[in-house]
Amino acid sequence: MKDTARITRKEMIRLLNEDLAREYQAIIAYVVYSQTIKGAKYQHIATELEKHAGEELGHAIIIAKQIDYFNGTPVTTPKAVKLSDKPEDMLRFDLENERVTILAYRERIRQAEAMGEYALSEALREIIVQEQEHLTDLADALGIDNPDLADSAKSHK
Ligand SMILES: [Fe+2]
Ligand SMILES: [Fe+2]
Numbered sequence: 386m387k388d389t390a391r392i393t394r395k396e397m398i399r400l401l402n403e404d405l406a407r408e409y410q411a412i413i414a415y416v417v418y419s420q421t422i423k424g425a426k427y428q429h430i431a432t433e434l435e436k437h438a439g440e441e442l443g444h445a446i447i448i449a450k451q452i453d454y455f456n457g458t459p460v461t462t463p464k465a466v467k468l469s470d471k472p473e474d475m476l477r478f479d480l481e482n483e484r485v486t487i488l489a490y491r492e493r494i495r496q497a498e499a500m501g502e503y504a505l506s507e508a509l510r511e512i513i514v515q516e517q518e519h520l521t522d523l524a525d526a527l528g529i530d531n532p533d534l535a536d537s538a539k540s541h542k
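Its first residue numbered 386, the sequence shown is counted upward by one per residue in my numbering.
Next comes the structure, spelled out in structure tokens:
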């Protein structure tokens with residue numbers, strides 16, 4: 386595991402609020418895409434996307450709880466949701482959001498552990514397992530391999 390500089394509680398609140406805005410974005414994208422994605426071959430993934438929406442809501446609640454624990458105020462605004470009427474585009478937007486989300490949570494877990502906030506890192510680990518499942522569902526639906534997150538994590542640093 387690489388060394389992570391210890392960040393302040395204030396900085397952690399700011400970063401968790403970024404994560405929360407990303408969870409809101411995911412909820413909205415999955416709600417809208419699951420209902421508007423058209424075509425017989427996308428019916429299975431549409432059902433999956435509907436499930437993802439519910440899981441993202443669960444993540445948002447966990448992150449908001451952690452922000453409150455640090456005496457921060459949870460944000461109320463999502464990151465922007467992209468729209469398209471092409472099923473492939475919707476799935477690619479979701480895939481990219483999940484990729485960014487996983488990288489962010491990996492970093493957040495390292496930061497939480499550097500702070501000695503093990504309950505937070507444990508909560509984030511549970512979330513990241515589901516985000517990886519979301520990523521795999523989307524890659525399968527697109528008929529592509531899972532993006533290589535190990536490489537992007539290195540260049541991310
Ligand atoms: Fe999520
Ligand atoms: Fe997700």
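Even for Gly, the Cβ is constructed at its ideal location relative to N, Cα and C.
Check: Residue closest to glutamate 434, alpha-carbon to alpha-carbon, out of Ile412, Asp453 and Asp530; Outcome: It should be pointed out that residue 434 corresponds to leucine in this sequence rather than to glutamate. Comparing Cα-Cα distances from leucine 434 to each of Ile412, Asp453 and Asp530, the minimum goes to Ile412.
Check: Pairwise C-alpha distance: methionine 397 and alanine 535; Outcome: 23 Å
Check: Contact belief for isoleucine 512 with arginine 491 at Cβ below 8 Å, rounded distance in angstroms; Outcome: Not really, about 11 Å apart at Cβ, beyond 8 Å.
Check: Where lysine 436 sits in the DSSP three-state scheme; Outcome: helix
Check: 8 Å contact criterion, which valine 416 and alanine 438 should meet: CB distance rounded; Outcome: 5 Å
Check: Outcome for alanine 425 when other beta-carbon atoms lying within 10 angstroms are tallied against a minimum of 16; Outcome: exposed
Check: Cβ neighbour criterion (16 or more within 10 Å) applied to serine 469; Outcome: exposed
Check: Cβ pair leucine 476, alanine 431 closer than 7 Å; Outcome: no
Check: Counted within 10 angstroms of its Cβ, other Cβ atoms place tyrosine 503 as buried (16 or more) or exposed; Outcome: exposed
Check: Burial state of isoleucine 448 (16 or more Cβ within 10 Å); Outcome: buried
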